[in-house]
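The structure appears right after this line, and notes come after that.
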Amino acid sequence: MSKNTSPHSRESRRNRAQPAAARVATKVRDKNSQHRRHQPETLPGMLWQMLLVVGLPSVIFVGVIIAASLTGVLLAGAPMAWLPTIIGSAWMVVSLGALSIQDASLALFPLIPAGLLVWLVARRVHHRVKERVSERDLLLLAACCVLVPTVLTLVAWFMLWDASKVYDVQAPPVLAALVRPILLHLVALALGMGPRLWKALAGRYGVPRWLVDAAITAMYFFLTLAAAAAVVLVVLVAVRWDQQGQLWAQYPVTDGGTVAGLLGLSIAYAPNAVVAVLAVLSGADFQLGEASVSVFESVLVPLPPLPLLAAVPADAPAWAPIALVLPVAVGIGVGVWRRPNWSHALAAGGWTVAFTAILVYAASGTLGHYGWVGPRWWLAAVLCGIWAALTGLAVAGVEALRRRQSPEAPVGEADPELPEEVADPELSEEVADPEVPEEEATD
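The UniProt record's numbering puts the first residue of the sequence shown at 1, with every later residue one more than the last.
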């Protein structure tokens with residue numbers, strides 16, 4: 001009998017032709033079993049693991065701050081007693097806390113260090129939860145996102161309080177120093193969890209999953225409008241380039257160190273300026289003490305001699321309200337891509353309010369005797385939410401009218417960019433495993 005037709009040969013070929021889904025399920029089970037073997041089982045062990053996940057980026061930042069502060073003190077020949085004050089102040093700047101120097105309150109800090117911290121924490125959180133995570137793990141992560149910034153900020157606050165006995169620096173109000181560091185870590189947790197896990201949690205607790213889709217739509221709207229604001233800022237700097245010469249003339253000495261320092265400050269505060277332009281494009285105003293800038297009017301006072309502020313126009317031209325077309329165009333573009341329905345559009349507007357309020361609040365603050373510097377966060381948030389909701393509703397209305405005229409036309413999906421296996425994960429009572437459901441993979 002030929003080997004090609006023997007029963008043993010056919011049986012071996014059937015074994016080799018094992019379904020791909022079953023092989024994937026086997027690999028997933030082996031991977032998850034190995035993952036579980038490396039997980040601590042006691043509560044203290046799990047808490048320590050989550051502290052490492054959340055706290056390692058902050059520890060790295062603190063280490064860099066200590067090294068840079070020590071190097072600066074040694075190079076400048078300053079007393080070592082300055083070191084705790086410098087370290088505490090630097091952490092307040094990185095975490096967007098608060099400072100009080102010579103009775104002047106400072107709470108307007110660059111977004112770049114804080115953004116890097118958020119990115120690092122979010123990346124570590126995502127690496128921890130992307131395969132398997134229990135609800136207890138999420139609760140511990142949330143607790144650590146409150147505990148880590150609280151402890152580090154209180155230590156920095158104590159350093160400043162102790163230094164206030166000797167130097168002309170005061171410890172800021174404790175609550176004002178704690179709010180934004182904790183907020184940064186909670187934002188990092190939310191971003192690190194990702195839409196897949198958020199949808200799994202929504203499905204478990206009976207929350208409509210399209211609310212997560214609406215949050216994604218709001219994020220796209222906000223990021224696209226921020227990109228448009230960045231382009232507008234670059235155009236303003238180019239158009240008002242002649243004002244740079246007048247600004248540099250205010251400095252009696254413009255050596256290399258002065259130029260590098262001012263340019264470095266301008267670059268560091270550029271994301272803050274983008275957020276301010278975003279708020280102005282939505283119809284809100286940007287305030288700098290007694291000065292106020294919007295698309296409708298501009299009232300200026302002598303501004304700090306910073307090259308970035310040379311882009312602020314002295315007055316608002318009559319055609320400036322045309323800039324309100326930008327959020328409309330962004331909203332329509334995102335709406336055409338995402339194709340929301342009525343509920344989705346309204347929810348996206350609500351999420352846009354929340355996202356805008358958080359970022360504008362983080363990018364603004366008090367600046368000494370100038371007072372509040374930045375957009376009015378509540379006004380900017382409400383206006384951005386209105387633009388997102390109205391444009392989404394307009395797109396939904398056009399889509400509904402088109403379907404009424406052509407009943408056989410396909411209905412738009414709420415989340416077209418997510419593949420099916422990502423858009424519909426599972427969350428068991430104990431553990432979330434959003435990769436491959438076992439009963440489906442072995443079917």
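C-beta: ideal position from N, C-alpha, C; glycine also.
Quick caveat: nothing in here was measured; it's all calculated off a predicted structure.
- Below 8 Å between beta carbons: does that hold for A320 and T356? No; because the gap between Cβ atoms is not below 8 Å, this pair is not in contact.
6 Å CB neighbourhood of N272 in its chain, flanking five on each side removed: Taken in chain order, the residues that qualify are L111 and A363.
Is the beta carbon of L108 sitting closer than 8 Å to the one on C145? The answer is no: Cβ separation not under 8 Å.
### Message
I need the DSSP call for M230, collapsed to helix, strand or coil.
### Response
Reading the sequence as shown, one finds Ala at residue 230 and not Met. Of the three classes helix, strand and coil, the one that applies to A230 here is helix, per DSSP.
**Request:** Decide if the region 322 to 337 is in contact with the region 377 to 391; the criterion is three or more beta carbon pairs, one per stretch, under 8 Å apart.
**Result:** They touch, by the three-pair rule.
Span of the beta strand (DSSP E) holding residue 452? With the chain represented from 1 up to 443, any question about residue 452 goes unanswered, as that position is not in the structure.
Q) Over what stretch of residues does the beta strand (DSSP E) that includes residue 444 continue unbroken? A) Since the first residue shown for the chain is 1 and the last is 443, residue 444 is missing from the structure and cannot be characterised.
Under 8 Å between C-beta atoms of V148 and G63: No, Cβ-Cβ distance for V148 and G63 is not below 8 Å.
>> Ignoring anything shorter than 4 residues, give me the alpha helix (DSSP H) runs that lie fully in the region 257 to 318, in order along the chain.
In response: Taking only runs of at least 4 residues, the alpha helix (DSSP H) segments lying wholly in the region 257 to 318 are 270 to 281.
Between which two residues does the alpha helix (DSSP H) carrying L117 extend?
That run of the alpha helix (DSSP H) goes L111 to V129.
* Asked: Ends of the beta strand (DSSP E) at I182?
  -> Here I182 belongs to no beta strand (DSSP E); instead the alpha helix (DSSP H) covers V174 to R204.
Cα-Cα separation, G385 to R196 | Straight-line spacing of the CA atoms in G385 and R196 works out to 24 Å.
(message) Let's test the definition: count the other Cβ atoms within 10 Å of the Cβ of F405 and tell me whether it reaches 16, buried, or not, exposed.
(response) Reading the sequence as shown, one finds Gln at residue 405 and not Phe. Exposed, by the Cβ-count rule.
_Quick check on DSSP: helix, strand or coil for S364?_
Correct three-state label for S364: coil.
Counting only the same chain and skipping the five closest in sequence on each side, list residues whose C-beta sits under 7 Å from that of L262.
Within the same chain, Cβ atoms closer than 7 Å to the Cβ of L262 are found at L306 and P307, the five residues on either side in sequence being excluded.
Please report how far the alpha carbon of A68 lies from the alpha carbon of A270, in whole angstroms. Between the alpha carbons of A68 and A270 lies a gap of roughly 23 Å.
Less than 6 Å between C-beta atoms, sequence neighbours within five positions excluded: which residues of the same chain meet that for A176?
Excluding sequence neighbours, A176 sits near A98.
Note to self: Quick test of your reading: S294 and V280, contact by CB under 8 Å. State the CB separation rounded to the nearest angstrom.
What the structure shows: With a contact defined as Cβ atoms closer than 8 Å, S294 and V280 qualify at about 6 Å.
Exercise. Look at the alpha carbon of Y167 and the alpha carbon of L265, and state the distance between them as a whole number of angstroms.
Key: Rounded to whole angstroms, the separation of the alpha carbons of L265 and Y167 is 25 Å.
### Task
Buried or exposed for L288, please, with buried defined as at least 16 other CB atoms from any protein chain shown within 10 angstroms of its CB.
Burial call: buried.
Would you please state the rounded distance, in angstroms, between the beta carbons of L141 and L189? I believe it to be under 8 Å. Going by Cβ atoms, the distance from L141 to L189 rounds to 6 Å, so yes, they are a contact pair.
Q) Where does D415 fall in DSSP's three states? A) At D415, the pLDDT of 45 sits below 50, so the modelled position is not reliable; the number obtained from the coordinates is stated separately. D415 falls in the coil class under three-state DSSP.
Quiz prompt | Endpoints, the alpha helix (DSSP H) within which I65 is located | solution = For I65, the enclosing alpha helix (DSSP H) covers residues L43 to A76.
- Indicate whether at least one CB of chain C lies closer than 8 Å to the CB of A227. The structure shown contains no chain C; it holds only a single protein chain.
**Asked** Quick one: is F158 buried, meaning 16 or more other Cβ sit within 10 Å of its Cβ, or exposed?
**Response** Residue environment: F158 is assigned as exposed (fewer than 16 neighbouring CB atoms within 10 Å of its CB, all protein chains considered).
- Task: Determine the direct distance from the alpha carbon of W119 to that of V395, and round the result to whole angstroms.
- Result: Computed Cα separation, rounded: 33 Å.
*Leaving out the 5 sequence neighbours to the left and right, which residues in its chain are closer than 6 Å to L236 when beta-carbon positions are compared?*
Taken in chain order, the residues that qualify are A311.
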